[in-house]
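Trainee: Dumping the structure here so I can ask a few things about it.
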Amino acid sequence: MLGKVAFRNARRSAKDYGIYMVTVTIAFALIYAYNMLIYSDDIKELSSSMDSMTIAIIMVSAIVVLAVGWLVSYMTKFMLQKRSRELGTYMMLGISNRTIARMFLLEQVFMGVVAALCGILLGSFLYQILVSVIMNIFHSHYEIRLAFSVQALVLTGIYIALIYLFALFFTRRRLKKMKICDLLYAEKKNENTAIGKTRGHWILLIASAAVGFFGCFKLYEGFQNAEEEIGNALLIGTACLIVCLYGCYIFLSAFLSRLFLKKEKRKYKKDNMFLFRNLTAKMNTMSITLGTLAMLITLTLVASQVALLFNGFFESQAAISTGFDVLISANVEDEEKKDFDFSDYEAYLEENLGIQRKLKYSLYVSGNRTVWNWIEEHSSKLAVDWFDSDPVIAYSDYQALREIQGYEPVFLEKDSYLISSLGNISECIGSQKIPLEINGRRLSMQECRLENFAQNGINGYYYFLVVPDDVALGLAVEKKSLAVDTARETTEQDYENLDSIRSKTVKKIESIDENGEIYESEVLMRDAWIEVKGKTLNEKYSFFTVFSFALFYLSLIFSCVVATILVVQQLSEASRYKFRYRVLSNLGMTKSRMERLIFKQMVFYFGAPLILPVFLSAFITFCVNELCRMFVGMALFLPSVLGALCLFLLVYLLYFAAAYISYRKSVLE
Numbered sequence: 001m002l003g004k005v006a007f008r009n010a011r012r013s014a015k016d017y018g019i020y021m022v023t024v025t026i027a028f029a030l031i032y033a034y035n036m037l038i039y040s041d042d043i044k045e046l047s048s049s050m051d052s053m054t055i056a057i058i059m060v061s062a063i064v065v066l067a068v069g070w071l072v073s074y075m076t077k078f079m080l081q082k083r084s085r086e087l088g089t090y091m092m093l094g095i096s097n098r099t100i101a102r103m104f105l106l107e108q109v110f111m112g113v114v115a116a117l118c119g120i121l122l123g124s125f126l127y128q129i130l131v132s133v134i135m136n137i138f139h140s141h142y143e144i145r146l147a148f149s150v151q152a153l154v155l156t157g158i159y160i161a162l163i164y165l166f167a168l169f170f171t172r173r174r175l176k177k178m179k180i181c182d183l184l185y186a187e188k189k190n191e192n193t194a195i196g197k198t199r200g201h202w203i204l205l206i207a208s209a210a211v212g213f214f215g216c217f218k219l220y221e222g223f224q225n226a227e228e229e230i231g232n233a234l235l236i237g238t239a240c241l242i243v244c245l246y247g248c249y250i251f252l253s254a255f256l257s258r259l260f261l262k263k264e265k266r267k268y269k270k271d272n273m274f275l276f277r278n279l280t281a282k283m284n285t286m287s288i289t290l291g292t293l294a295m296l297i298t299l300t301l302v303a304s305q306v307a308l309l310f311n312g313f314f315e316s317q318a319a320i321s322t323g324f325d326v327l328i329s330a331n332v333e334d335e336e337k338k339d340f341d342f343s344d345y346e347a348y349l350e351e352n353l354g355i356q357r358k359l360k361y362s363l364y365v366s367g368n369r370t371v372w373n374w375i376e377e378h379s380s381k382l383a384v385d386w387f388d389s390d391p392v393i394a395y396s397d398y399q400a401l402r403e404i405q406g407y408e409p410v411f412l413e414k415d416s417y418l419i420s421s422l423g424n425i426s427e428c429i430g431s432q433k434i435p436l437e438i439n440g441r442r443l444s445m446q447e448c449r450l451e452n453f454a455q456n457g458i459n460g461y462y463y464f465l466v467v468p469d470d471v472a473l474g475l476a477v478e479k480k481s482l483a484v485d486t487a488r489e490t491t492e493q494d495y496e497n498l499d500s501i502r503s504k505t506v507k508k509i510e511s512i513d514e515n516g517e518i519y520e521s522e523v524l525m526r527d528a529w530i531e532v533k534g535k536t537l538n539e540k541y542s543f544f545t546v547f548s549f550a551l552f553y554l555s556l557i558f559s560c561v562v563a564t565i566l567v568v569q570q571l572s573e574a575s576r577y578k579f580r581y582r583v584l585s586n587l588g589m590t591k592s593r594m595e596r597l598i599f600k601q602m603v604f605y606f607g608a609p610l611i612l613p614v615f616l617s618a619f620i621t622f623c624v625n626e627l628c629r630m631f632v633g634m635a636l637f638l639p640s641v642l643g644a645l646c647l648f649l650l651v652y653l654l655y656f657a658a659a660y661i662s663y664r665k666s667v668l669e
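Taking UniProt numbering, I'd label the letters of the sequence shown as residues 1 to 669.
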């Protein structure tokens with residue numbers, strides 16, 4: 001009998017809270033789909049770097065479990081509050097607290113089982129989509145086929161069990177302690193206001209904002225000096241921003257009420273009084289919840305913005321090293337290494353990949369740091385102390401390298417030089433002309449070109465100079481390099497095979513620890529630096545897949561959790577507001593005007609939690625961008641912020657539309 005009643009009530013609750021059931025189903029589907037990625041052989045075979053995906057997904061899944069657990073706990077408490085009068089009636093009829101608790105928890109279990117089963121079916125479909133996307137990223141062929149993983153199913157079951165055990169444990173304790181009067185009046189109880197009738201809300205609001213500004217300052221300071229202060233700054237800044245979010249949403253309602261009620265003209269204009277009173281009443285009774293939702297929205301936007309930001313960063317870094325199919329470089333500053341032997345590498349490449357074009361060239365050093373000193377003076381962060389002198393490449397070698405990469409020839413004027421640089425150096429130098437003197441010969445600067453020529457330590461670091469051949473031949477040689485354009489595509493295995501050709505020696509190095517004691521360590525030294533396009537691209541694809549997929553997973557779950565809370569809260573008030581809108585109708589308000597009023601009410605209610613997170617997330621992303629600004633500048637910041645905001649709003653507006661349609665139907669029909 002108890003089971004039948006619980007099943008009937010579960011069906012009714014699933015219908016009443018359909019948005020919640022859809023969200024939980026989507027969450028379980030994503031959890032199962034991502035767990036299947038962990039155990040997928042197809043994914044593991046793509047690249048050795050994909051092994052880190054297991055750790056990333058498990059770490060993110062732990063956060064997802066907490067977020068979904070909070071949603072289930074919140075909704076269980078919410079449903080208990082809305083059905084309290086019914087449960088109180090059961091108690092008046094003589095049913096014990098223990099029996100009522102068992103029945104209510106059994107209802108939640110029924111709903112959870114249905115959501116889990118639907119989630120696993122949907123997750124199997126989502127898994128195929130995720131694998132297809134990943135395979136497309138790696139440019140690998142994939143045929144959709146039925147897939148099932150016992151390990152993924154068990155892991156998903158453990159996560160779901162943890163979510164419901166966490167939520168139902170506290171609900172059971174609450175139900176067993178409740179009295180009849182508590183249940184009968186629980187539906188009328190709102191969230192306790194955090195500040196009561198305290199005066200001076202505007203002062204407290206300003207104080208909360210000040211704490212937020214201080215947190216922003218600490219975050220920016222930490223990311224500016226990432227090597228020294230990022231740990232403490234991140235901790236202090238995050239704590240301050242959390243206090244700011246909760247403080248602002250706690251005090252904002254009272255502040256707006258006072259500001260709004262001061263002006264009679266504004267207060268009584270059209271529908272303002274009705275609209276504003278509904279909004280502030282909701283904010284008063286949901287201030288803590290709104291603060292939590294704002295925090296989740298901030299995390300959602302930051303996660304997706306950082307994912308897009310680092311995707312662009314990985315692409316730019318890969319582009320620096322993938323201009324050549326194979327690039328091998330060796331330091332030859334020692335006299336005995338002046339003629340480095342590339343013959344073994346060439347033999348392997350010719351036999352296994354085919355050589356279309358190749359070039360052996362030298363990287364020289366100018367003997368001074370004229371350009372480096374200029375960069376340090378104007379932007380010290382860009383002046384990386386990698387070479388003792390400005391790196392130089394002869395003009396003829398530069399032209400040959402351009403031909404290998406498919407670039408148009410560049411003419412070098414007499415007694416001139418040019419700089420080949422990455423974006424950050426190019427932005428720094430701009431149209432400036434830096435005079436240069438090499439071996440007593442004065443050269444005027446022709447231009448600073450923005451291009452990718454392996455300026456990652458092989459051909460200089462961030463930049464190199466291009467000078468006439470007769471000038472370059474009189475300079476000391478720093479590196480000998482071999483650039484190859486192969487007939488066939490390179491792979492990770494080609495890198496492994498080329499690596500086996502390299503000479504390796506173990507060198508003992510003495511170092512001094514923090515206590516001043518000398519200790520000895522062994523370092524494996526290689527005689528050449530090898531870059532293979534296939535390996536570099538696979539690493540880039542792996543980093544993007546692991547990093548971005550994990551963050552998008554997190555942001556999608558958070559988006560759904562936030563939107564679900566807002567939708568359910570609004571729809572739960574439909575019966576109460578139905579009477580108010582009926583009164584407005586009796587007073588002569590047309591249906592179309594009431595529909596516009598409902599739309600405004602929804603816009604304000606869904607927009608309130610977005611106000612602070614949009615700006616805070618953009619600022620946090622700006623701080624994170626400082627970590628890679630020296631590589632990519634500010635080019636990726638705005639597209640990342642706008643792209644992530646559009647993705648979030650796509651999900652958010654779907655829930656908004658569902659809430660508006662359901663609410664309008666409940667209130668007006």
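For every residue, glycine included, the Cβ atom is placed at its ideal position computed from N, Cα and C.
Quantities reported herein were computed from a predicted structural model and do not represent experimental measurements.
Report yes if the CB atom of Val60 is closer than 8 Å to the CB atom of Val561, and no otherwise.
Mentor: For the 8 Å CB-CB criterion, Val60 and Val561 do not form a contact.
Trainee: What do you get for Pro468, buried or exposed, if any count of 16 or more other CB atoms within 10 angstroms of its CB means buried?
Mentor: buried
Trainee: Going by C-alpha to C-alpha distance, which of Asp41, Met36 and Ser48 sits closest to Gly534?
Mentor: Ser48
Trainee: In its own chain, which residues sit with a C-beta less than 6 Å from the C-beta of Phe166, not counting the 5 before and 5 after it?
Mentor: Gly69
Trainee: Exposed or buried, Met50, counting other C-beta atoms within 10 Å across all chains shown (16 or more means buried)?
Mentor: buried
Trainee: In whole angstroms, what is the alpha-carbon distance linking Ala528 and Asn439?
Mentor: 29 Å
Trainee: Is it true that the CB of Pro613 sits closer than 8 Å to the CB of Thr298?
Mentor: yes
Trainee: What is the DSSP secondary structure of Ala528, reduced to helix, strand or coil?
Mentor: coil
Trainee: Can you check whether the CB of Tyr663 is closer than 8 Å to the CB of Leu554?
Mentor: no
Trainee: Give me the Cα-Cα distance between Gly18 and Met111, rounded to the nearest whole angstrom.
Mentor: 11 Å
Trainee: If you measure between the beta carbons of Ser149 and Met36, is that distance less than 8 Å?
Mentor: Yes, these two residues count as a Cβ contact at 8 Å.
Trainee: Answer yes or no: do Ala29 and Leu155 have a C-beta to C-beta separation smaller than 8 Å?
Mentor: no
Trainee: So is the beta-carbon of Ala101 under 7 Å away from any non-hydrogen atom of the ligand NAD?
Mentor: Although the ligand NAD was asked about, the structure shown includes no ligands whatsoever.
Trainee: Find out if the Cβ-Cβ distance for the pair Ala147, Ser124 is shorter than 8 Å.
Mentor: yes
Trainee: Can you pull the DSSP bridge partners for Thr486?
Mentor: Ile355
Trainee: Contact check, Phe606 vs Phe558 under 8 Å by CB: the rounded distance?
Mentor: Contact between Phe606 and Phe558 does not hold, since their C-beta atoms are separated by about 15 Å, which reaches or exceeds 8 Å.
Trainee: Starting from Arg449, follow the beta strand (DSSP E) in both directions and report where the run begins and ends.
Mentor: Arg441 to Leu450
Trainee: Which same chain residues, not among the five before or five after Glu489, have their C-beta less than 7 Å away from its C-beta?
Mentor: Gly534
Trainee: In the structure shown, what three-state DSSP assignment does Tyr495 receive?
Mentor: Of the three classes helix, strand and coil, the one that applies to Tyr495 here is helix, per DSSP.
Trainee: Quick one: Cα of Leu290 to Cα of Gln569, how far?
Mentor: 11 Å
Trainee: Which residue's Cα is closest to the Cα of Ile206: Gln446, Gly222 and Ile250?
Mentor: Ile250
Trainee: How is Lys360 classed by DSSP in three states: helix, strand or coil?
Mentor: strand
Trainee: Helix or strand or just coil, what does DSSP make of Ser416?
Mentor: Looking at Ser416 - three-state DSSP - the assignment turns out to be strand.
Trainee: Classify Glu107 as buried or exposed, calling it buried when 16 or more other Cβ atoms lie within 10 Å of its own Cβ.
Mentor: buried
Trainee: Have a look at the DSSP bridge pairing and note the partners of Tyr652.
Mentor: Its beta-bridge partners do not exist; DSSP assigns none.
Trainee: Assuming Ala330 is part of the beta strand (DSSP E), what are its boundary residues?
Mentor: Val326 to Asn331
Trainee: How is Asp470 classed by DSSP in three states: helix, strand or coil?
Mentor: helix
Trainee: Would a C-beta distance cut-off of 8 Å place Cys448 and His378 closer than the cut-off?
Mentor: no
Trainee: Look at the alpha carbon of Arg576 and the alpha carbon of Leu153, and state the distance between them as a whole number of angstroms.
Mentor: If I take the Cα positions, the gap works out to 43 Å.
Trainee: Return the chain-ordered list of same chain residues with a C-beta closer than 7 Å to the C-beta of Ala233, the five sequence neighbours on each side being excluded.
Mentor: Lys218, Leu219, Glu221 and Gly222
Trainee: Measuring CB to CB, does Gly460 end up less than 8 Å from Pro391?
Mentor: yes
Trainee: Hey, Leu465 and Ile419 are a contact pair by Cβ (cut 8 Å); roughly how many whole angstroms apart?
Mentor: 6 Å
Trainee: Taking the C-alpha atoms as reference points, what is the distance between Gly212 and Ile328?
Mentor: 50 Å
Trainee: For Ile120, tell me which candidate among Ile95, Phe78, Ile26 and Ile134 has the shortest Cα-Cα distance.
Mentor: With distances taken between Cα atoms, Ile120 lies closest to Ile26.
Trainee: What number of angstroms, rounded off, separates the C-alpha of Glu191 from the C-alpha of Thr76?
Mentor: In this prediction, Glu191 scores a pLDDT of 48, lower than 50, which makes its location untrustworthy; no coordinate-derived value is stated.
Trainee: Straight-line CA distance for Glu437 to Leu443?
Mentor: 6 Å
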